[in-house]
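Have a look at the structure below, then the notes.
In my numbering, the protein residues as written are 1 to 248.
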């Protein structure tokens, strides 16, 4: 695991987006296709903005999955991650070879099984992820399941996770935040060849410290990234503020 600390969220996003572009280009050049995972939320705004600007990527050789989606939330809702990816990425890009968005509006179990079958045929080359205020990876809240082999899970969202979604302005009240989601599993994320973890903002500082400095444990879900062979944390000064000098 590597770590880069940038001045602010804008420099973070530029650096992370450029690295993602480099990895995607290299994968297409070597394998003829790149399978990627995109994260959503406020932590990914600048990273995705930079990735969109990256030149030399043959996007019709890219297959995209995404990490998670609320159960029971319509795609028209401002907090919908499908809506987020359509508006912030897909509509700004040349056509991809394929993309697989999570539909949590109808039969969640059927959707989970559908996605499991598809992603098993597409080993992930580059995954863009973030870390939640409670240390979650995707919507795998603590204590996270590190053992299941299923690529996607139906998960319950804890109160701290739901409070974060409200605090970021996606919902007007805690009661409006769905209690469940379809989430990519920890093991599936860890199967990615390369992981880029973008974590700006001082409100994530404790989660960053726990993820990097605590022992690997389901209590700190993102701590599992310590074990990945090719993971880079991109932090800004506020999110790195609590790290010990030896960690930086």
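Every residue, glycine too, gets a C-beta built ideally from N, C-alpha and C.
Give the DSSP bridge partners of residue 197, in chain order. Looking at the DSSP assignment, residue 197 forms a beta bridge with 129, 233.
Would you give the residue range spanned by the alpha helix (DSSP H) that residue 165 belongs to? 159-167
Starting from the Cα of residue 29, find the closest Cα among 189, 165, 58, 95 and give me that residue. 58
Taking only the alpha-carbon atoms, compute the straight-line gap between residue 237 and residue 230 and give it to the nearest angstrom. Put simply, the backbone Cα of residue 237 is about 22 Å away from that of residue 230.
Helix, strand or coil: which one does DSSP assign to residue 177? Note: residue 177 maps to coil in three-state DSSP.
Helix, strand or coil for residue 63 per DSSP? strand
For residue 7, the nearest candidate out of 201, 74, 188 (CA to CA): 201
What do you reckon, are the CB atoms on residue 124 and residue 43 nearer than 9 Å? Not closer than 9 Å, so no.
List the whole-angstrom C-beta distance separating residue 180 from residue 71, where the pair is believed to meet the contact cut-off of C-beta under 8 Å. 4 Å
Nearest-angstrom Cα distance between residue 88 and residue 48? 8 Å
If you run the structure through DSSP and keep just helix, strand and coil, what is residue 37? For residue 37, the secondary structure class from DSSP, reduced to helix, strand or coil, is strand.
Which partner residues does residue 217 have in the DSSP bridge list? According to DSSP, residue 217 bridges with 220.
Does DSSP put residue 116 in a helix, a strand or coil? helix
How do the region 172-190 and the region 129-140 stand: do at least 3 beta-carbon pairs fall below 8 Å, yes or no? Contact holds: three or more Cβ-Cβ distances are below 8 Å.
Going by CA-CA distance only, name the one from 41, 127, 27, 151 that's closest to residue 170. Nearest C-alpha to residue 170: 41.
Expressed to the nearest angstrom, what Euclidean distance is found between the alpha-carbon atoms of residue 216 and residue 244? 17 Å
Is the separation between the beta-carbon of residue 212 and that of residue 152 shorter than 9 Å? When the beta-carbon positions are compared, residue 212 and residue 152 stay at least 9 Å from each other.
Taking C-alpha atoms, which residue in 56, 39, 45, 104 lies nearest to residue 9? Minimum Cα distance to residue 9 is reached at 45.
Determine whether the beta carbon atoms of residue 131 and residue 197 lie at a separation below 9 Å. yes
By alpha-carbon positions, which one of 241, 86, 234, 145 ends up nearest to residue 13? 234
For residue 27, is the classification buried or exposed, using 16 other Cβ atoms within 10 angstroms of its Cβ as the cut-off for buried? Residue 27 is buried by the Cβ-count criterion.
How far does the alpha helix (DSSP H) with residue 85 in it extend, from its first residue to its last? 81-88 is the span of the alpha helix (DSSP H), which, as asked, contains residue 85.
Taking its Cβ as the centre, do 16 or more other Cβ atoms sit within 10 Å of residue 19, making it buried, or is it exposed? buried
Neighbourhood of residue 95 by C-beta, 8 Å cutoff - its chain only, sequence neighbours within 5 removed: The answer, listed in chain order, is 59, 60.
Taking 8 Å as the line, does the beta carbon of residue 49 fall inside it for any heavy atom of the ligand NAP? No copy of the ligand NAP appears in this structure; indeed no ligand is present at all.
Using only the alpha-carbon positions, how far apart do residue 15 and residue 150 sit? 32 Å
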